[in-house]
Amino acid sequence: MKKILILSFPLFLFSQQKNDWSFYMKAAMSEIIQNDFNAAIFNLNKSLELSPNNSSSLYFKAYSLLILNKNDEGCKTLADALFFNSNNARSLFAEKCSEYNPNLNIDKFKTGIFKLRILDPTLFTYNFERKNDIQYETYDGKTYSSRIQWLGNGEYTIIAEGDPNPSKFIVRVLKIEDNKYLYGKFENNQIQFGIIEKTE
Numbered sequence: 001m002k003k004i005l006i007l008s009f010p011l012f013l014f015s016q017q018k019n020d021w022s023f024y025m026k027a028a029m030s031e032i033i034q035n036d037f038n039a040a041i042f043n044l045n046k047s048l049e050l051s052p053n054n055s056s057s058l059y060f061k062a063y064s065l066l067i068l069n070k071n072d073e074g075c076k077t078l079a080d081a082l083f084f085n086s087n088n089a090r091s092l093f094a095e096k097c098s099e100y101n102p103n104l105n106i107d108k109f110k111t112g113i114f115k116l117r118i119l120d121p122t123l124f125t126y127n128f129e130r131k132n133d134i135q136y137e138t139y140d141g142k143t144y145s146s147r148i149q150w151l152g153n154g155e156y157t158i159i160a161e162g163d164p165n166p167s168k169f170i171v172r173v174l175k176i177e178d179n180k181y182l183y184g185k186f187e188n189n190q191i192q193f194g195i196i197e198k199t200e
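Laid out in structure tokens, this is it:
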């Protein structure tokens, strides 16, 4: 009986490893170092089966896909990594995916009350309201209004009322999940990322 226990313990440990996302993540990291990106993607997919919103696994899967020139799939996966708070994904997205546009339908986000969280080290948040083509924002007790120009294909721009020199930028919706969306704000060769959640 003692021999059976001794022999079965390594099998038990091995089976436990197979149910741990980090087991597959470690294997993928080793394969990335060896430039075996297809094998890395296989193990990263296994890791994501066990931990679907793991931003590290999503980031390295996107990185591997982009290395293999699978740009659309890589950029979509990178947007997922951004949505789930991967800091590394911001610079890689700006470098490799600035042309990526998933052409999402954003009609349900044209009216309502929203909360915006900018994805940068400050994690600045504020609330605003939209009524079709008008957006109302409140800062320091003052309410400002802007006109929204819906451009179609998941893009829009916001023009502040009364601003003689409005900034020129495009907001592109990169991912929608339930009542939230990830956006990229493209302005002067810079991209700012944030998440907008519809609260009412």
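Residue 41 in this note's numbering is what sits at position 41 of the sequence shown, and the numbering runs on without skipping anything. Cβ atoms here follow ideal geometry from the backbone N, Cα and C, with glycine treated the same way.
Query	Result
Per-residue burial, ASN43 [other beta carbons within 10 Å of its own, 16 or more giving buried]	buried
Presumed contact (8 Å Cβ cut-off) between ILE158 and SER145, rounded CB distance	Not quite, the Cβ-Cβ distance comes to about 10 Å (not below 8 Å), so this is no contact.
Beta-carbon separation (whole angstroms), GLY74 vs LEU82, contact threshold 8 Å	Actually they are not in contact, since the Cβ atoms of GLY74 and LEU82 sit about 13 Å apart, beyond 8 Å.
Test item: CB-CB of SER47 and ALA62 under 8 Å	no
Neighbour-count burial assignment, GLN202, 16 or more Cβ in a 10 Å radius	The requested residue 202 is not part of the displayed model; the chain covers only 1 to 200.
Simplified DSSP state of TYR136, which is helix, strand or coil	strand
Chain-order list of residues whose beta-carbon lies under 8 Å from that of LEU50 (same chain, five-residue window excluded)	ASN19, ASP20, TRP21, TYR24
Closest by C-alpha distance to ASN218, when choosing among SER56, ASN53, ASP120, LEU68	Shown here, the chain extends from 1 to 200; a query on residue 218 therefore has no answer.
Simplified DSSP state of LEU207, which is helix, strand or coil	Residue 207 lies beyond the range of the chain shown here (1 to 200); nothing can be said about it.
The region 77–92 touching the region 155–170, judged by at least three CB pairs closer than 8 Å	no
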